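Q: Mapping the sequence shown onto UniProt numbering, position 54 (from 1) lands on 54, and the numbers just tick up by one. The beta carbon of each residue, even a glycine, is placed where N, CA and C say it ideally should be. Since this is a predicted model, take the numbers as computed values, not measurements. Here you go, one structure.
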Amino acid sequence: MSDDTIFHKIIRREIPATIVHEDEHLIAFRDIAPQAPVHVLFVPKVTVPRLNDLQPSQAEVVGRLVIAAADYAKREGFAESGYRVVMNCNGDAGQTVFQIHLHLLAGAPLGRFGTPH
């Protein structure tokens, strides 16, 4: 398992990011190529390359990401109008950084999801 992804470098402050939340378990920052007006990535500080690598004993890792995303949506005022959370696993799903992360998208109607291109 590599701890040298771009996300790990952000966690270690080796490269800049617009950080919107951080605690002892995770970091959240704005996506540099947003797919919606609000596009924030929530990344655990523990290294887990893919969802397929997550162990049952690590269920709280994903739980913390989801709770942090929901709290962010409430705090920023778009929880009631709606938001989407997405996690990708492997290439066909669009995973390009091999450290699990949750995308939070909001700020506009997002339309249908999951239609193949």
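1) What three-state label does DSSP hand F7 in the structure shown?
2) Beta-carbon within less than 6 Å of N88's beta-carbon, same chain only, minus the 5 sequence neighbours each way: which residues are those?
3) Out of A69, L26, E80, point me to the one whose CA is closest to H8's CA.
4) Select from F29, G63, Y83 the residue whose C-alpha is nearest the C-alpha of I15.
5) Within 10 angstroms of its Cβ, does L104 collect 16 or more other Cβ (buried), or is it exposed?
A: This is what the structure holds:
1) Taking the first residue of the sequence shown as position 1, residue 7 is located at position 7. Reduced to three states, the DSSP call for F7 is helix.
2) The sequence position of residue 88 within the sequence shown is 88, counting from 1. Closer than 6 Å at the Cβ level, and outside the excluded window around N88, lie G94, Q95.
3) Taking the first residue of the sequence shown as position 1, residue 8 is located at position 8. Cα-wise, what sits closest to H8 is L26.
4) What you label residue 15 is simply residue 15 of the sequence shown in a count that begins at 1. Of F29, G63, Y83, the smallest CA-CA separation from I15 is found for F29.
5) Residue 104 sits at position 104 when you count from the first residue of the sequence shown. With 16 or more neighbouring CB atoms inside 10 Å of its own CB, L104 falls in the buried class.
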